[in-house]
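Down below is the structure, laid out as structure tokens.
Numbering (this note's numbering), first residue to last: 225 to 513.
Structure, rendered in structure tokens:
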């Protein structure tokens with residue numbers, strides 16, 4: 225996500241933040257669900273309520289008091305006729321908003337942004353952008369794990385054992401990286417032989433590997449391939465196609481620098497997420513509304 229769009233989103237989310245008086249007179253930052261709904265790309269209140277419901281259940285599952293972060297309220301709205309009526313709304317803390325984003329539709333760009341916006345206590349665009357990059361790399365790495373697991377299962381049913389799977393994957397890497405084997409790339413990038421190469425690859429290369437693997441999964445089933453030789457050829461062809469596509473844009477995967485260990489990024493993101501509830505101000509008790 226471009227920094228300009230992140231800045232625009234940040235200003236938009238900041239504009240709907242409110243401050244109320246807390247239990248001890250401190251200012252509590254809150255958002256109202258009706259305002260947040262459109263910012264998160266939901267056209268229908270009923271659909272947004274589903275995400276709120278999931279967030280409430282997530283809060284309960286963590287043994288966190290829901291009333292500290294979610295408060296059902298009513299507000300008056302003016303109809304086109306000039307008459308007024310009450311509608312349902314929710315007052316939400318930063319932690320509640322984060323849970324809603326976590327339980328929203330991840331395909332929505334607004335949802336992805338909100339996960340970074342509410343996770344970073346100091347809401348500066350560059351820090352949000354950094355957090356979003358972490359989340360994107362983790363997500364792409366998870367997709368590759370999933371597609372590789374599916375490939376392993378698919379080809380096991382088609383006469384290929386674990387050693388055969390390792391050879392297939394290695395030959396695919398050799399094609400993708402212009403003749404450099406998996407072990408060659410580990411040495412080039414300074415990766416320990418015991419660690420997966422993908423844990424140190426940039427997001428683009430992980431996505432490229434995932435695309436080739438997904439293509440292999442698809443064609444193994446569609447073409448009803450059987451045995452190591454035919455599946456190896458298929459996987460090499462798919463990696464070759466992906467490499468050619470990257471080459472047309474002037475990108476050589478073997479020349480891209482390594483990225484930070486994905487395990488360190490996962491720990492950093494988990495640490496940030498654990499701090500959200502602790503640093504998020506709580507709503508005052510209901511009897512003081």
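Just so you know, even glycine gets a beta-carbon here, dropped at the ideal spot from N, CA and C.
Item to check | Within 8 Å, strictly: CB atoms of residue 444 and residue 378 | outcome: The Cβ-Cβ distance between residue 444 and residue 378 falls below 8 Å.
Next on the checklist: In whole angstroms, give me the CA-to-CA distance for residue 251 and residue 228.
Outcome noted: So the two alpha carbons sit approximately 30 Å from each other.
Next on the checklist: If you follow the alpha helix (DSSP H) that residue 323 is in, where does it begin and where does it stop?
Outcome noted: 318-326 is the span of the alpha helix (DSSP H), which, as asked, contains residue 323.
Item to check | Distance between beta carbons of residue 501 and residue 319, contact taken as under 8 Å | outcome: About 5 Å; that satisfies the 8 Å criterion.
Item to check | For residue 244, the first and last residue of its enclosing beta strand (DSSP E) | outcome: Counting along the chain, the beta strand (DSSP E) containing residue 244 begins and ends at 242-245.
Checklist entry - For residue 361, does the count of other Cβ atoms within 10 angstroms reach 16, so buried, or fall short, so exposed? => result Under the 10 Å beta carbon count, residue 361 is surrounded by 16 or more other beta carbons and is classified as buried.
Checklist entry - Which partner residues does residue 312 have in the DSSP bridge list? => result Per DSSP, the beta bridge partners of residue 312 are 298.
Checklist entry - Just how far apart, CA to CA, sit residue 346 and residue 402? => result Just so you know, the alpha carbons of residue 346 and residue 402 end up roughly 43 Å apart.
Item to check | contact_flag[the stretch 420-440, the stretch 393-411] where n(CB pairs < 8 Å) is 3 or more | outcome: The stretch 420-440, when compared against the stretch 393-411, does touch it at the 8 Å Cβ threshold.
Next on the checklist: My output table needs one value for residue 424: the three-state DSSP class, helix, strand or coil.
Outcome noted: In the structure shown, the three-state DSSP call for residue 424 is helix.
Item to check | Identity of the residue in 413, 245, 506, 266 nearest residue 331 by Cα | outcome: Sorting 413, 245, 506, 266 by C-alpha distance to the C-alpha of residue 331 places 266 at the top.
Checklist entry - Opposite residue 256 in the DSSP bridges: which residues? => result Assignment of beta-bridge partners to residue 256 by DSSP yields 315.
Checklist entry - Counting along the chain, where does the alpha helix (DSSP H) carrying residue 272 start and finish? => result The continuous alpha helix (DSSP H) containing residue 272 extends over residues 269-285.
Next on the checklist: What residue range does the alpha helix (DSSP H) around residue 401 cover?
Outcome noted: Following the DSSP letters along the chain, one finds residue 401 in no alpha helix (DSSP H), marked with neither H nor E.
Checklist entry - What residue does the alpha helix (DSSP H) around residue 475 start on, and which one ends it? => result No alpha helix (DSSP H) holds residue 475; DSSP gives it neither H nor E.
Checklist entry - How would you label residue 469, buried or exposed, when you count the other beta carbons within 10 angstroms and need 16 or more for buried? => result Residue 469 comes out exposed.
Next on the checklist: Within 10 Å of its beta-carbon, does residue 339 have 16 or more other beta-carbons around it, so buried, or fewer, so exposed?
Outcome noted: Counting the other CB atoms within 10 Å of its CB gives residue 339 a total of 16 or more, which places it among the buried residues.
Item to check | Cα-Cα separation, residue 458 to residue 433 | outcome: So the alpha carbons of these two residues sit roughly 14 Å apart.
Item to check | Reduced DSSP category for residue 251 - H, G, I as helix; E, B as strand; rest coil | outcome: Strand.
Item to check | Close beta carbons around residue 253, own chain, < 7 Å, minus the five adjacent residues each side | outcome: Only 241, 243, 318, 505 meet the Cβ criterion.
Next on the checklist: For a test of the three-state rule: what should DSSP assign to residue 345, helix, strand or coil?
Outcome noted: Looking at residue 345 - three-state DSSP - the assignment turns out to be coil, as it is neither helix nor strand.
Checklist entry - Do the stretch 490-498 and the stretch 350-364 make contact, defined as three or more Cβ pairs closer than 8 Å? => result With contact defined as three or more Cβ pairs closer than 8 Å, the stretch 490-498 and the stretch 350-364 are in contact.
Checklist entry - Does DSSP put residue 418 in a helix, a strand or coil? => result In this structure, residue 418 counts as coil in the three-state DSSP scheme.
Checklist entry - Can you tell me whether DSSP reads residue 405 as helix, strand or coil? => result Residue state, collapsed to three classes: coil.
Item to check | Cβ-based neighbour list, residue 461, same chain, cut-off 8 Å, excluding 5 preceding and 5 following | outcome: Excluding positions up to five away in sequence, the list is empty.
Checklist entry - Is residue 335 near residue 279, with beta carbons less than 8 Å apart? => result No, the Cβ-Cβ distance between residue 335 and residue 279 is not below 8 Å.
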